[in-house]
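Chains W and A, in that order, give the protein sequences.
Per our numbering, the very first residue in the first sequence carries number 22; after that it's consecutive.
Per our numbering, the very first residue in the second sequence carries number 22; after that it's consecutive.
Inspection log for the structure reproduced underneath, given as structure tokens.
2 protein chains.
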Amino acid sequence: MTPSISGGFSRRALLGGAGAGLVAGAAGGALGHAAIVPAQASAPGLGAGRIDFRGPHQAGIVEPAQAHVQLAAFDLTPGAGAAGLQALLKRWSATIALLAAGEPAGDGENQIALDAGPCSLTVTVGFGSTLFDRTGLQAKRPAALAPLPAFPEDALDPARSDGDLWLQIGADDGLVVYHALRVLQHQAAEVATPRWQMAGFSRTPGATTRPRTPRNLMGQVDGTNNPKPTDAGFAAKVFSTGPGWMSGGSYLVMRRIRMLLDDWDNISTDRQERVIGRRKSDGAPLSGGTEFTPVDLTRQNPDGSLAIPADAHIRSAAPASNGGAAMLRRGFSYADGIRPDGAPDAGLLFLAFQADPAHGFVPVQRQLSRGDGLQRFLKHEASGLYAVPPGVPAGGDGYLGQALLES
Amino acid sequence: MTPSISGGFSRRALLGGAGAGLVAGAAGGALGHAAIVPAQASAPGLGAGRIDFRGPHQAGIVEPAQAHVQLAAFDLTPGAGAAGLQALLKRWSATIALLAAGEPAGDGENQIALDAGPCSLTVTVGFGSTLFDRTGLQAKRPAALAPLPAFPEDALDPARSDGDLWLQIGADDGLVVYHALRVLQHQAAEVATPRWQMAGFSRTPGATTRPRTPRNLMGQVDGTNNPKPTDAGFAAKVFSTGPGWMSGGSYLVMRRIRMLLDDWDNISTDRQERVIGRRKSDGAPLSGGTEFTPVDLTRQNPDGSLAIPADAHIRSAAPASNGGAAMLRRGFSYADGIRPDGAPDAGLLFLAFQADPAHGFVPVQRQLSRGDGLQRFLKHEASGLYAVPPGVPAGGDGYLGQALLES
Numbered sequence: 022m023t024p025s026i027s028g029g030f031s032r033r034a035l036l037g038g039a040g041a042g043l044v045a046g047a048a049g050g051a052l053g054h055a056a057i058v059p060a061q062a063s064a065p066g067l068g069a070g071r072i073d074f075r076g077p078h079q080a081g082i083v084e085p086a087q088a089h090v091q092l093a094a095f096d097l098t099p100g101a102g103a104a105g106l107q108a109l110l111k112r113w114s115a116t117i118a119l120l121a122a123g124e125p126a127g128d129g130e131n132q133i134a135l136d137a138g139p140c141s142l143t144v145t146v147g148f149g150s151t152l153f154d155r156t157g158l159q160a161k162r163p164a165a166l167a168p169l170p171a172f173p174e175d176a177l178d179p180a181r182s183d184g185d186l187w188l189q190i191g192a193d194d195g196l197v198v199y200h201a202l203r204v205l206q207h208q209a210a211e212v213a214t215p216r217w218q219m220a221g222f223s224r225t226p227g228a229t230t231r232p233r234t235p236r237n238l239m240g241q242v243d244g245t246n247n248p249k250p251t252d253a254g255f256a257a258k259v260f261s262t263g264p265g266w267m268s269g270g271s272y273l274v275m276r277r278i279r280m281l282l283d284d285w286d287n288i289s290t291d292r293q294e295r296v297i298g299r300r301k302s303d304g305a306p307l308s309g310g311t312e313f314t315p316v317d318l319t320r321q322n323p324d325g326s327l328a329i330p331a332d333a334h335i336r337s338a339a340p341a342s343n344g345g346a347a348m349l350r351r352g353f354s355y356a357d358g359i360r361p362d363g364a365p366d367a368g369l370l371f372l373a374f375q376a377d378p379a380h381g382f383v384p385v386q387r388q389l390s391r392g393d394g395l396q397r398f399l400k401h402e403a404s405g406l407y408a409v410p411p412g413v414p415a416g417g418d419g420y421l422g423q424a425l426l427e428s
Numbered sequence: 022m023t024p025s026i027s028g029g030f031s032r033r034a035l036l037g038g039a040g041a042g043l044v045a046g047a048a049g050g051a052l053g054h055a056a057i058v059p060a061q062a063s064a065p066g067l068g069a070g071r072i073d074f075r076g077p078h079q080a081g082i083v084e085p086a087q088a089h090v091q092l093a094a095f096d097l098t099p100g101a102g103a104a105g106l107q108a109l110l111k112r113w114s115a116t117i118a119l120l121a122a123g124e125p126a127g128d129g130e131n132q133i134a135l136d137a138g139p140c141s142l143t144v145t146v147g148f149g150s151t152l153f154d155r156t157g158l159q160a161k162r163p164a165a166l167a168p169l170p171a172f173p174e175d176a177l178d179p180a181r182s183d184g185d186l187w188l189q190i191g192a193d194d195g196l197v198v199y200h201a202l203r204v205l206q207h208q209a210a211e212v213a214t215p216r217w218q219m220a221g222f223s224r225t226p227g228a229t230t231r232p233r234t235p236r237n238l239m240g241q242v243d244g245t246n247n248p249k250p251t252d253a254g255f256a257a258k259v260f261s262t263g264p265g266w267m268s269g270g271s272y273l274v275m276r277r278i279r280m281l282l283d284d285w286d287n288i289s290t291d292r293q294e295r296v297i298g299r300r301k302s303d304g305a306p307l308s309g310g311t312e313f314t315p316v317d318l319t320r321q322n323p324d325g326s327l328a329i330p331a332d333a334h335i336r337s338a339a340p341a342s343n344g345g346a347a348m349l350r351r352g353f354s355y356a357d358g359i360r361p362d363g364a365p366d367a368g369l370l371f372l373a374f375q376a377d378p379a380h381g382f383v384p385v386q387r388q389l390s391r392g393d394g395l396q397r398f399l400k401h402e403a404s405g406l407y408a409v410p411p412g413v414p415a416g417g418d419g420y421l422g423q424a425l426l427e428s
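Rendered as structure tokens:
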């Protein structure tokens with residue numbers, strides 16, 4: 022790992038920016054606010070955060086969720102075929118490499134975020150099952166892309182589900198994300214048309230003392246028991262071993278999960294904690310300890326009841342309840358205003374990477390459908406399953422999906 | 022101005038968080054990305070950013086736009102009356118003061134962002150014209166709240182316009198913003214019901230070398246000639262002198278302005294710059310100089326044509342074209358996916374504070390309707406005009422709107 026600052030975005034310039042923030046704070050103080058602690062002076066490195074596009078796996082899988090995300094699906098235009106797909110993946114790969122390095126990409130008239138650093142931008146590309154039909158590549162469709170089963174909690178909108186191509190664009194600045202989305206969409210114009218797009222967010226770096234585990238819109242620490250890259254067996258859980266062109270890739274399950282927040286807020290904190298199985302304040306399991314203390318599913322309260330209730334979310338979701346099934350979750354919150362009935366249109370853009378959905382999302386969600394007390398506070402409104410091909414090796418001029426299209 | 026860190030959010034804890042960010046970066050590197058520059062380590066002070074709720078003016082007017090915003094409108098429930106409004110404004114004022122200080126607010130079951138600092142949170146409250154009818158306070162309705170005239174570019178959706186009460190909730194972390202929205206909405210439950218909510222964003226502190234002037238989704242530097250708090254005459258442009266209860270308040274015009282980005286991207290950079298009147302790269306006026314060089318509307322090119330074209334946006338919007346009319350713009354971008362026709366549902370949540378709309382937004386927008394080349398790339402989809410009462414003086418137990426309800 023060689024930390025380096027991308028060209029054209031100097032630390033001196035950033036510190037100049039911090040000075041402007043202090044001026045604004047002083048002006049506010051002159052207008053009468055008793056205490057203004059300017060934040061701008063404190064974040065000199067955020068824009069310079071940089072994650073290389075190239076590597077054995079795509080970026081945007083193991084890295085922490087950024088402050089902003091746009092998810093986008095595209096459908097290939099009739100006649101684009103494998104040749105059109107190949108040309109698009111070459112263009113996208115070259116462009117993503119530039120964007121991730123904070124270098125200019127796209128035509129001048131499409132520029133949006135001209136003065137920003139890369140802000141830890143990652144772009145992750147996935148292939149939906151229908152892609153293989155549209156390109157005559159059915160023989161190469163992985164068995165792992167078999168349609169997800171229906172679940173009782175599904176209320177899926179096909180218009181916001183699936184798609185031939187899927188993009189996850191994350192960065193710590195909203196304008197940087199939107200710029201990348203627009204440039205990549207323009208480059209797709211002759212080959213693929215937008216199917217749906219969704220925006221989400223996670224914590225801004227420095228906002229919280231708990232950067233390692235995000236909180237969701239229910240206020241719950243969410244992701245404590247996520248596999249960690251340093252764990253033994255991490256790669257076997259997250260990365261695929263084949264078919265050949267998918268070796269080093271991963272499978273991504275997306276679910277747009279609306280939270281019934283008015284119902285959630287109508288139960289007590291104590292009941293909320295028993296629905297999840299963790300304390301809201303610090304994420305510690307109800308079996309005791311602190312956030313990262315291993316969950317003890319057998320522990321009993323003094324009255325003989327289970328410390329982690331029978332219908333607690335972390336019981337149903339635990340690998341021990343699902344034959345060891347595990348996945349790497351990398352979700353984002355969304356908050357898109359209110360619905361016609363006045364309820365919040367808000368929840369979780371659930372994203373989970375896994376070596377095989379049949380040993381990841383599918384058994385876990387089946388278990389959740391059977392006995393998870395959390396499910397009555399959720400509606401699954403959209404769904405997608407995508408093959409995320411391996412990364413582009415450093416040092417060459419390869420492109421995403423090359424092994425699929427050239428093998 | 023006394024910079025201070027709010028309780029319960031120590032610098033030590035933040036630096037601990039930064040350490041976790043470094044671990045994540047290192048793990049990513051082990052998995053093969055050549056260069057990961059972690060941003061989390063670089064933003065220790067963002068969460069601690071704090072803007073005091075109290076002062077002669079409300080917070081969220083002169084302070085720079087934060088990274089995230091939620092706008093929310095409410096309508097009073099039948100029978101709530103002036104007494105219900107007063108009780109709500111007392112609750113909201115006490116709660117906003119706590120939220121802005123980074124202290125717990127709301128009931129335990131409503132907690133979302135438990136571990137965050139205030140992240141420069143501001144909450145700004147406004148009163149729509151209809152509020153005065155619903156509370157028997159018609160006699161105190163300011164003349165400045167007269168309905169805005171219709172403009173040719175209007176395509177307004179009444180369901181996302183107007184409202185009795187208006188909130189602007191801004192902070193540098195999306196979860197902090199959403200927590201404040203939910204707590205304030207719960208406190209309104211018996212008195213007011215949600216009418217509409219919209220989410221937006223501006224630059225994340227540290228993302229760009231240009232924190233002083235944001236860029237919009239057209240990629241244009243937007244806000245260069247905004248009045249500055251240090252300017253002579255700033256207060257006269259932005260803050261009201263009456264009627265009495267509004268002394269020190271301001272009037273806020275909100276417009277949800279969708280940008281026709283596909284059309285915009287179809288013209289050249291050169292044409293984009295002539296539509297605006299500024300260079301895209303650095304915001305310098307086409308009459309020469311750098312971003313903050315005064316605009317010379319009379320300057321001619323060597324061929325005798327105007328350097329700032331006759332229909333350039335900055336010509337129509339200039340105070341010199343509008344009898345000196347000026348306002349303090351504090352807009353946010355929005356990007357809410359794609360519309361059924363495939364076009365981006367994205368643009369600007371235009372927010373402008375002014376002492377009197379009749380000498381601010383109204384004459385400027387009339388001038389823009391007449392001759393601004395930018396208007397054909399815009400659709401005004403929602404509109405609101407609100408009286409933003411003065412702030413709550415430091416040191417007392419006052420509440421927002423007290424002078425309206427007790428005078």
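All residues carry an ideal CB built from backbone N, CA and C; glycine is no exception.
Given the structure is predicted, the values throughout are model-derived calculations rather than measurements.
Three-state class that DSSP yields for residue i in the structure shown
i, result
"F148 (chain A)", "strand"
"D366 (chain A)", "strand"
"H401 (chain A)", "strand"
"D284 (chain W)", "helix"
"M239 (chain W)", "coil"
"L92 (chain A)", "strand"
"P179 (chain A)", "helix"
"I329 (chain A)", "coil"
"G29 (chain W)", "Bear in mind that a pLDDT of 28 at G29 (chain W), under 50, signals an unreliable position, so the model cannot answer this."
"L120 (chain A)", "helix"
"G381 (chain W)", "coil"
"L43 (chain W)", "Unreliable placement is indicated for L43 (chain W), whose pLDDT of 27 sits below 50; no coordinate value is reported for it."
"I335 (chain A)", "helix"
"P411 (chain A)", "coil"
"D291 (chain A)", "helix"
Residue i versus residue j: straight-line alpha-carbon distance, rounded
i, j, result
"D136 (chain A)", "L119 (chain A)", "15 Å"
"D393 (chain A)", "D154 (chain W)", "48 Å"
"R216 (chain A)", "G352 (chain A)", "21 Å"
"Q79 (chain A)", "F374 (chain A)", "11 Å"
"G416 (chain A)", "D73 (chain A)", "12 Å"
"K161 (chain A)", "A94 (chain A)", "21 Å"
"A220 (chain W)", "G310 (chain A)", "38 Å"
"L273 (chain W)", "N287 (chain A)", "34 Å"
"T290 (chain A)", "L307 (chain A)", "13 Å"
"S354 (chain W)", "I278 (chain W)", "9 Å"
"A55 (chain W)", "Q208 (chain A)", "Here the model assigns A55 (chain W) a pLDDT of 40, short of 50, so the residue's position is not dependable, and the following value carries that caveat. Each residue's Cα considered, the two are about 26 Å apart."
"F255 (chain W)", "G344 (chain W)", "16 Å"
"G195 (chain A)", "G68 (chain A)", "12 Å"
"A201 (chain W)", "H89 (chain A)", "19 Å"
8 Å Cβ cutoff, residue i in contact with chain W
i, result
"H207 (chain A)", "yes"
"M219 (chain A)", "yes"
"V144 (chain A)", "no"
"A134 (chain A)", "yes"
"S428 (chain A)", "no"
Option in the options with minimal Cα separation from residue i
i, options, result
"D193 (chain W)", "A:L177, A:P179, A:A167, A:P226", "A:P226"
"K249 (chain W)", "W:A347, W:L196, W:L389, W:L92", "W:A347"
"R112 (chain A)", "A:A210, A:G244, A:D291", "A:A210"
"A403 (chain W)", "W:T116, W:A176, W:R75", "W:A176"
"A338 (chain A)", "A:R276, A:L389, A:A164, A:Q206", "A:L389"
"E312 (chain W)", "W:T319, W:K301, W:N322, W:L318", "W:K301"
Short CB-CB distance (under 8 Å) between residue i and chain A
i, result
"I423 (chain W)", "It should be noted that the sequence gives Gln, not Ile, for residue 423 (chain W). It does not: the Cβ of Q423 (chain W) has no partner Cβ on chain A nearer than 8 Å."
Between the segment 260 to 275 of chain A and the segment 398 to 411 of chain A, are three or more C-beta pairs nearer than 8 Å?
yes
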